[in-house]
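Reading through the structure tokens given below for one structure.
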DNA sequence: ATAATTTAAGTTACACTATAACAAAACATA
DNA sequence: TATGTTTTGTTATAGTGTAACTTAAATTAT
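Residue numbers (the working numbering), protein chains in the order written: chain F, 471 to 640; chain R, 471 to 640.
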């Protein structure tokens with residue numbers, strides 16, 4: 471439990487995260503000859519300003535502030551683009567979106583979502599993937615897309631004990 | 471790949487499934503002193519009539535036909551009850567609900583969803599659970615709820631090859 | 001049995017999430 | 001510059017889910 475992911479470290483340099491994410495995104499889009507337009511980049515930046523998944527409608531006011539049209543299609547289009555490029559993921563159990571910390575090769579995330587503070591961490595868990603692939607292969611099922619979303623309490627929120635959860639005496 | 475789950479067997483005796491599911495539900499609710507009211511039982515039956523996840527709004531017409539109120543809260547209340555009792559699961563990537571084939575001890579399913587025919591199978595995959603638990607424990611994250619939803623092609627739909635999927639030459 | 005309490009269902013209204021469809025503008029290329 | 005393509009603006013609407021209050025039914029206590 472020594473090396474926490476950044477999302478579970480309240481004190482980390484988040485501006486750095488945002489900066490790095492945008493840099494990677496620009497690089498990837500350039501490589502792929504995809505246009506990271508101002509709207510798309512703004513949406514990506516807004517999403518990265520939070521380590522918590524954001525709903526599409528939460529992004530609209532900021533688009534308006536920046537002088538863009540802020541009707542729903544605007545933000546959904548940007549989100550579609552960012553998802554296609556693997557720059558953001560949709561958390562379907564929350565109807566919300568979060569930045570991908572390691573975009574690049576297409577992949578599916580495995581998310582740990584804190585129900586108390588909403589911090590969300592994306593794992594690259596090979597064992598989880600493998601277990602799923604084995605189970606599916608066993609039934610002759612061909613996997614195209616995986617959704618793994620785990621809700622619970624992050625280390626920081628366990629002491630405050632927001633109701634239903636009780637730490638297991640391991 | 472010999473023993474397919476029923477959902478992937480088009481020819482199985484589905485009336486039997488429905489009957490068994492309702493019987494189990496009645497038993498469990500009786501044990502727990504929970505009221506499986508006519509509306510709740512009807513909703514459960516409707517869900518079981520399909521091996522495919524159904525949206526809440528798809529249930530409303532049948533409620534109306536049966537003489538019940540068919541405004542959304544009616545069906546959502548029934549679904550909430552059934553979920554709490556572990557009799558149905560919500561598939562969040564589809565905004566839809568499916569019957570649980572082995573209700574009883576509270577559990578989380580791992581779902582294989584065919585994007586061609588919508589058949590959905592609930593696995594009890596200990597390896598998947600374990601992999602998730604290990605990853606979470608490693609970060610000190612306490613799990614309360616898991617969502618594992620895998621979309622792809624079931625064995626029956628692979629021959630028809632509906633677009634994007636390509637069978638891996640294993 | 002009847003009254004008091006609790007639980008479930010009826011009802012209206014609305015909030016949130018997402019997309020269709022078409023017009024205008026910006027960009028890329030010939 | 002003319003042409004086709006991609007992106008954005010705009011309006012309208014579809015789909016999913018809940019709040020809040022009322023009425024009815026069932027349970028429990030008297």
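Virtual Cβ for every residue (Gly too), placed ideally from N, Cα, C.
Would you kindly report the start and end of the unbroken beta strand (DSSP E) that includes residue i?
i, result
"residue 510 of chain R", "Element bounds for residue 510 of chain R: not the beta strand (DSSP E) but the alpha helix (DSSP H), 508-518."
"residue 497 of chain R", "No beta strand (DSSP E) contains residue 497 of chain R, which is instead part of the alpha helix (DSSP H) from 484-501."
"residue 450 of chain R", "This structure gives no information on residue 450 of chain R, because the portion of chain R shown stretches from 471 to 640."
"residue 582 of chain F", "580-584"
"residue 615 of chain F", "612-623"
"residue 476 of chain F", "Segment: none, residue 476 of chain F is in no beta strand (DSSP E) and carries neither H nor E."
Work out the CA separation of residue j and residue i for me, nearest whole Å.
i, j, result
"residue 518 of chain R", "residue 492 of chain R", "9 Å"
"residue 636 of chain R", "residue 577 of chain R", "Confidence at residue 636 of chain R is low in this model, with a pLDDT of 37, below 50, so the placement of that residue should be treated as unreliable; the coordinate-derived value is given next. For residue 636 of chain R and residue 577 of chain R, the distance between alpha carbons rounds to 33 Å."
"residue 557 of chain R", "residue 583 of chain F", "25 Å"
"residue 505 of chain F", "residue 545 of chain F", "16 Å"
"residue 542 of chain F", "residue 477 of chain F", "28 Å"
"residue 641 of chain R", "residue 565 of chain R", "Nothing about residue 641 of chain R can be reported from this structure: the residues present for chain R run from 471 to 640 only."
"residue 612 of chain R", "residue 623 of chain F", "5 Å"
"residue 621 of chain R", "residue 525 of chain F", "23 Å"
"residue 539 of chain R", "residue 590 of chain R", "29 Å"
"residue 600 of chain F", "residue 615 of chain R", "20 Å"
"residue 512 of chain R", "residue 548 of chain R", "9 Å"
"residue 475 of chain R", "residue 560 of chain R", "19 Å"
"residue 568 of chain R", "residue 580 of chain R", "12 Å"
"residue 554 of chain R", "residue 585 of chain F", "18 Å"
"residue 533 of chain F", "residue 509 of chain F", "8 Å"
"residue 413 of chain F", "residue 530 of chain F", "The shown model of chain F, from 471 to 640, leaves out residue 413 of chain F, and the question about it has no answer."
With 8 Å set as the bound, which would you pick, yes or no: does the beta-carbon of residue i sit closer than that to a beta-carbon of chain R?
i, result
"residue 568 of chain F", "no"
"residue 615 of chain F", "yes"
"residue 525 of chain F", "no"
"residue 629 of chain F", "no"
"residue 587 of chain F", "no"
"residue 624 of chain F", "yes"
"residue 471 of chain F", "The predicted model places residue 471 of chain F with a pLDDT of 48, which falls under 50 and marks its position as unreliable; any figure quoted below should be read in that light. With 8 Å as the cut-off, residue 471 of chain F counts as an interface residue toward chain R."
"residue 582 of chain F", "yes"
"residue 610 of chain F", "yes"
"residue 549 of chain F", "no"
What do you get for residue i, buried or exposed, if any count of 16 or more other CB atoms within 10 angstroms of its CB means buried?
i, result
"residue 490 of chain F", "exposed"
"residue 629 of chain R", "exposed"
"residue 523 of chain F", "buried"
"residue 433 of chain F", "Because residue 433 of chain F is not part of the residues shown, which for chain F are 471 to 640, the question remains open."
"residue 619 of chain F", "buried"
"residue 617 of chain R", "buried"
"residue 608 of chain F", "exposed"
"residue 521 of chain F", "buried"
"residue 485 of chain F", "exposed"
"residue 472 of chain F", "Low per-residue confidence applies at residue 472 of chain F: pLDDT is 48, beneath 50, and the placement is therefore not dependable, though the value from the model is reported in the following sentence. Under this definition residue 472 of chain F is an exposed residue."
"residue 640 of chain F", "Low local confidence applies: a pLDDT of 23 at residue 640 of chain F is under 50, so the model's placement there is unreliable, and no value is given."
"residue 502 of chain F", "exposed"
"residue 495 of chain F", "buried"
"residue 594 of chain F", "exposed"
"residue 596 of chain F", "exposed"
"residue 606 of chain R", "buried"
Examine chain F for any beta-carbon lying closer than 8 Å to the beta-carbon of residue i, and answer yes or no.
i, result
"residue 621 of chain R", "yes"
"residue 475 of chain R", "yes"
"residue 579 of chain R", "no"
"residue 597 of chain R", "yes"
"residue 601 of chain R", "yes"
"residue 558 of chain R", "no"
"residue 480 of chain R", "no"
"residue 606 of chain R", "yes"
"residue 516 of chain R", "no"
"residue 520 of chain R", "no"
"residue 545 of chain R", "no"
Mind checking which residues open and close the alpha helix (DSSP H) that includes residue i?
i, result
"residue 521 of chain F", "From DSSP, residue 521 of chain F is part of no alpha helix (DSSP H); its letter is neither H nor E."
"residue 597 of chain R", "596-608"
"residue 548 of chain F", "542-554"
Identify every residue that forms a DSSP beta bridge with residue i.
i, result
"residue 566 of chain F", "F/561"
"residue 590 of chain R", "R/583"
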